[in-house]
Amino acid sequence: MKHDGLSVLESRIAGDLARTAHPSAPWLEPVPGPDGKRAFDVIVVGGGQSGLATAFGLQRSQVTNILVLDKAAAGQEGPWRSYARMHTLRSPKDFTGPDLDVPSLTYQSWHEAKFGVESWDELTLIPKGLWADYLGWFRHVVGIPVRNEVEVVDIAPAGGLLAVTLRCGGKAETLHARKIVLATGQESLGDWTMPAPLMALPVSRCAHCAEPIDFAALAGKRVAVIGAGASAFDNAATALEAGAARVHLLCRRPEAQVIQPYRWLTFRGFLRHLSDLDDAWRWRFMSAVLALREGFPQATYDRCARHDAFSLHLGAPALSAIDGPDGVEITTPQGSLTVDFVIAAAGIEIDLSVRPELAGFAGNIAAWADRYAPPAAERDERLGRFPYLADDYALTERVPDATPWISDIHLFTIASTMSFGASGSSINAMTTAVPKLVSGITRGLFRADVERHWASFQAYDVPQAVLR
4 MKHDGLSVLE
14 SRIAGDLART
24 AHPSAPWLEP
34 VPGPDGKRAF
44 DVIVVGGGQS
54 GLATAFGLQR
64 SQVTNILVLD
74 KAAAGQEGPW
84 RSYARMHTLR
94 SPKDFTGPDL
104 DVPSLTYQSW
114 HEAKFGVESW
124 DELTLIPKGL
134 WADYLGWFRH
144 VVGIPVRNEV
154 EVVDIAPAGG
164 LLAVTLRCGG
174 KAETLHARKI
184 VLATGQESLG
194 DWTMPAPLMA
204 LPVSRCAHCA
214 EPIDFAALAG
224 KRVAVIGAGA
234 SAFDNAATAL
244 EAGAARVHLL
254 CRRPEAQVIQ
264 PYRWLTFRGF
274 LRHLSDLDDA
284 WRWRFMSAVL
294 ALREGFPQAT
304 YDRCARHDAF
314 SLHLGAPALS
324 AIDGPDGVEI
334 TTPQGSLTVD
344 FVIAAAGIEI
354 DLSVRPELAG
364 FAGNIAAWAD
374 RYAPPAAERD
384 ERLGRFPYLA
394 DDYALTERVP
404 DATPWISDIH
414 LFTIASTMSF
424 GASGSSINAM
434 TTAVPKLVSG
444 ITRGLFRADV
454 ERHWASFQAY
464 DVPQAVLR
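Note that this note's numbering numbers the sequence shown so that position 209 is 212, with each residue one more than the last.
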């Protein structure tokens, strides 16, 4: 049974959306695909928070012939019910996001309607499970069309459109669209990184933090976590809470990253206008930000430090890891230690060719290294592999006119960070980043139809008054 407060809120939302729908005139006409079926104006790949916010922004711009696709089951989209092992979001509770500045759609409005104003006042940070519940409710209340348990395995040109090949239950299916938004989150850059010293370890001894891990099986075991970002601490804490006998967190740097650079850049000027700067300034800012690990808040550290079984090793990169009869022996500059299980929390390797939806044309996707040569002191080969995006988040070509159709593929993920700063992987950037993305998409759709709009304008003959 629905909570009365939610029923009242949903009625208010319907009224708010109706009152702010101007202009509500439809402006897109159906376009047939090569198969004779109606093509979508936009297909959004990814039904997590960024995909939902994008779809909502498109709907608000009267782009309603859209579809969101996600490979996860309904309710399992994004990381919140899988590899996100924090207890709460790290963003302050009053940050807005998918609501796109519609007050009645904010998390706060949902929380107060469901649990009461007093509960909101007492809340410090948003529990990740409640955030996932909110996203499911948001998807429902604004009517976003989502198709779950389908994986996009290929994108190709198809007579002026894009052909999207899906795999669903072992069967292949093709849909057509004028534009595609890839809202594929953390994985969009390539594949999760497994540090070289760990690659020879058997799966019974090692896992990446983005994989399913049986933490209950680590009770009484010795565990090493490689990495010192927020996710590393989350996984260490989860192992400790599951009863691990000892957890070693190995930080390669001499000092842990306790400053969170994303807190500094959370202001409208930066979020909205970093992408308007020239390449030199964009590179300077983002290379400095991305050179730092994701800072962890006090609560994340305390979650580990409260356990006597926790050890933080600074200046201790894993130089080697050898599986033996007593466990995995890890060698560091600080000495060696032996553990029963290793968790890698080392981020993502940038390699667009391993993404199935991009593999067919990854070789012609322009990277930052193709467009900009930074000063020697600022060079970073890894950051140079980030895709260099157009001002509408679209992919650009390395070799002009070899794959011109990729300009209709818009990348709204962590992979857009070098071009736009915090955007497709950030809650706090949504209210500035999504409108910029949507504006770019609608600009492309309008320009493509400009001759039809001109003909429609010339044929317009509806009188406003009758002369007598």
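The C-beta atom is built at its ideal place from N, Cα and C for all residues, glycine as well.
**Study point:** For valine 184, the nearest candidate out of Arg455, Ala451, Thr416 (CA to CA)
**Key:** Locating residue 184 in the sequence shown gives position 181, where the first residue counts as 1. Residue Thr416 is the option with its Cα nearest to valine 184.
Practice item. In the DSSP assignment, find the beta strand (DSSP E) that holds lysine 174 and state where it starts and stops. Key: Indexing the sequence shown from 1 puts residue 174 at position 171. Start and end: 174 to 185.
Review point. Since valine 228 contacts alanine 235 with CB under 8 Å, what's their CB separation in whole angstroms?
Key: Start at 1 with the first residue of the sequence shown, and residue 228 comes out as number 225. Start at 1 with the first residue of the sequence shown, and residue 235 comes out as number 232. Contact between valine 228 and alanine 235 is confirmed by a C-beta separation of about 5 Å, below the 8 Å threshold.
Exercise for review: Inspect the CB distances between the segment 182 to 202 and the segment 317 to 330 and report whether three or more fall short of 8 Å.
Suggested key: Enough Cβ pairs lie closer than 8 Å, so yes.
Check your understanding: Where are the beta strand (DSSP E) runs, 3 residues long or more, that stay fully inside the segment 62 to 128, in chain order?
Key -> 69 to 73
Check your understanding: What did DSSP end up calling glutamate 258 once you bin it into helix, strand or coil?
Key -> What you label residue 258 is simply residue 255 of the sequence shown in a count that begins at 1. Three-state result, glutamate 258: coil.
Review point. Candidates Gly363, Ala248, Ala186: which alpha carbon is nearest valine 47's?
Key: Residue 47 sits at position 44 when you count from the first residue of the sequence shown. Per the Cα distances, Ala186.
Practice item. State buried or exposed for alanine 380, treating a residue as buried only when at least 16 other CB atoms are found within 10 Å of its CB. Key: Here the question's residue 380 lines up with position 377 in the sequence shown. Alanine 380 comes out exposed.
Check your understanding: Identify the residues that DSSP records as bridge partners of proline 438: which are they?
Key -> Indexing the sequence shown from 1 puts residue 438 at position 435. Bridge partners of proline 438: none, in fact.
**Study point:** Among Asn431, Trp30, Ser422, nearest to serine 459 - alpha-carbon criterion
**Key:** Position 456 of the sequence shown holds residue 459. Trp30 is the residue among Asn431, Trp30, Ser422 whose C-alpha sits nearest the C-alpha of serine 459.
Check your understanding: Taking C-beta to C-beta, are valine 71 and arginine 181 nearer than 8 Å?
Key -> In the sequence shown, residue 71 corresponds to position 68, counting from 1. In the sequence shown, residue 181 corresponds to position 178, counting from 1. No, these two residues do not count as a Cβ contact at 8 Å.
Check your understanding: Three-state secondary structure (DSSP) at phenylalanine 415?
Key -> For the purposes of this step, residue 415 is taken as the residue at position 412 of the sequence shown. Coil.
Practice item. Mind checking which residues open and close the alpha helix (DSSP H) that includes alanine 233? Key: In the sequence shown, residue 233 corresponds to position 230, counting from 1. Segment 233 to 244, the alpha helix (DSSP H) holding alanine 233.
Point to revise | Separation of alanine 436 from glutamate 13, as counted between CA atoms | key: Taking the sequence shown and counting its residues from 1, the one referred to as residue 13 is at position 10. Taking the sequence shown and counting its residues from 1, the one referred to as residue 436 is at position 433. Separation of glutamate 13 and alanine 436 (C-alpha to C-alpha, rounded to the nearest whole angstrom) is 26 Å.
Check your understanding: Rounded to whole angstroms, how far is the Cβ of aspartate 157 from the Cβ of glutamate 400, which I believe are closer than 8 Å?
Key -> By one-based count along the sequence shown, residue 157 stands at place 154. By one-based count along the sequence shown, residue 400 stands at place 397. Not really, about 19 Å apart at Cβ, beyond 8 Å.
Review point. Around the C-beta of proline 101, are 16 or more other C-beta atoms found within 10 angstroms, so that it is buried, or is it exposed?
Key: Numbered from its first residue, the sequence shown carries residue 101 at position 98. Proline 101 comes out buried.
Exercise for review: Whole angstroms is fine: what's the gap from proline 264's alpha carbon to aspartate 394's?
Suggested key: Numbered from 1 along the sequence shown, position 261 holds the residue referred to as residue 264. Numbered from 1 along the sequence shown, position 391 holds the residue referred to as residue 394. Going by the C-alpha atoms only, they are around 24 Å apart.
Exercise for review: Go through its chain and collect everything with a Cβ distance to valine 357's Cβ below 7 Å, but skip five positions before and after it.
Suggested key: Stepping through the sequence shown from its first residue, residue 357 is reached at position 354. So the list reads Gly193, Asp194, once near-sequence residues are dropped.
Review point. Does the distance from the C-beta atom of threonine 99 to that of leucine 128 stay below 8 Å?
Key: Working through the sequence shown from its first residue, we reach residue 99 at position 96. Working through the sequence shown from its first residue, we reach residue 128 at position 125. No.
Practice item. Give the DSSP-derived three-state secondary structure of valine 292 in the structure shown. Key: By 1-based counting over the sequence shown, the position of residue 292 is 289. Of the three classes helix, strand and coil, the one that applies to valine 292 here is helix, per DSSP.
Exercise for review: With DSSP collapsed to three states, give me the class of arginine 142.
Suggested key: Here the question's residue 142 lines up with position 139 in the sequence shown. The answer is helix: DSSP assigns arginine 142 an H, G or I state.
Exercise for review: Using a threshold of 8 Å, state whether the C-beta atoms of tryptophan 408 and leucine 165 are closer than that.
Suggested key: Translated into positions along the sequence shown, residue 408 becomes position 405. Translated into positions along the sequence shown, residue 165 becomes position 162. Yes, these two residues count as a Cβ contact at 8 Å.
Practice item. Kindly indicate which residue of Phe270, Arg388, Gly424 has the alpha-carbon position closest to the one of tryptophan 284. Key: Taking the sequence shown and counting its residues from 1, the one referred to as residue 284 is at position 281. For tryptophan 284, the nearest C-alpha among the options comes from Gly424.
Exercise for review: Could you tell me which residues DSSP puts in a beta bridge with alanine 402?
Suggested key: Residue 402 sits at position 399 when you count from the first residue of the sequence shown. Position check: residue 402 holds valine in this sequence, whereas alanine was assumed. Answer by DSSP bridge pairing: none, since valine 402 is not bridged.
Exercise for review: Quick one: which unbroken beta strand (DSSP E) runs of 3-plus residues sit fully inside the segment 34 to 64? Chain order, please.
Suggested key: The segment 34 to 64 is shown to contain whole beta strand (DSSP E) runs of 3 or more residues at 41 to 48, in chain order.
Point to revise | For isoleucine 368, the residue or residues it bridges with in DSSP | key: By 1-based counting over the sequence shown, the position of residue 368 is 365. Paired residue(s): Glu400.
Review point. Considering only C-alpha positions, which residue in the set Asp411, Gly327, Glu154, Gly330 is nearest to glycine 173?
Key: Within the sequence shown, the letter at position 170 stands for residue 173. The shortest Cα separation from glycine 173 among Asp411, Gly327, Glu154, Gly330 belongs to Glu154.
Check your understanding: Got a sec? Which residues, its chain only, sit under 8 Å from phenylalanine 449 by beta carbon, not counting five neighbours each side?
Key -> Taking the first residue of the sequence shown as 1, we reach residue 449 at position 446. The residues are Trp30, His456.
Review point. Which word fits phenylalanine 270, buried or exposed, when buried means at least 16 other C-beta atoms lie within 10 angstroms of its C-beta?
Key: By 1-based counting over the sequence shown, the position of residue 270 is 267. It is exposed - the Cβ of phenylalanine 270 has fewer than 16 other Cβ atoms within 10 Å.
Check your understanding: Does the distance from the C-beta atom of phenylalanine 313 to that of alanine 239 stay below 8 Å?
Key -> Sequence index remark: in the sequence shown, residue 313 carries index 310 (1-based). Sequence index remark: in the sequence shown, residue 239 carries index 236 (1-based). Result yes, Cβ atoms of phenylalanine 313 and alanine 239 sit closer than 8 Å.
Review point. Helix, strand or coil for methionine 453 per DSSP?
Key: Here the question's residue 453 lines up with position 450 in the sequence shown. Checking the sequence, you will find valine at residue 453 rather than methionine. Correct three-state label for valine 453: helix.
Review point. DSSP three-state call for alanine 159: helix, strand or coil?
Key: Here residue 159 corresponds to residue number 156 of the sequence shown, with the count starting at 1. Three-state result, alanine 159: strand.
**Study point:** Terminal residues of the alpha helix (DSSP H) in which isoleucine 229 lies
**Key:** Indexing the sequence shown from 1 puts residue 229 at position 226. From DSSP, isoleucine 229 is part of no alpha helix (DSSP H) but of the beta strand (DSSP E) over 225 to 229.
Review point. Any beta-carbon of chain D closer than 8 Å to the one on aspartate 124?
Key: Reference to chain D is not applicable here, since this structure consists of a single protein chain.
Exercise for review: Mark arginine 256 as exposed unless 16 or more other C-beta atoms lie within 10 angstroms of its C-beta, in which case mark it buried.
Suggested key: Reading the sequence shown from its first residue, position 253 is the one you call residue 256. By the 10 Å Cβ count, arginine 256 comes out exposed.
Practice item. Could you check which residue in Ile368, Asn431, Gly427, Gly363 has the C-alpha nearest to that of threonine 3? Key: Because the chain in this structure spans residues 4 to 471, residue 3 falls outside the shown range and cannot be described.
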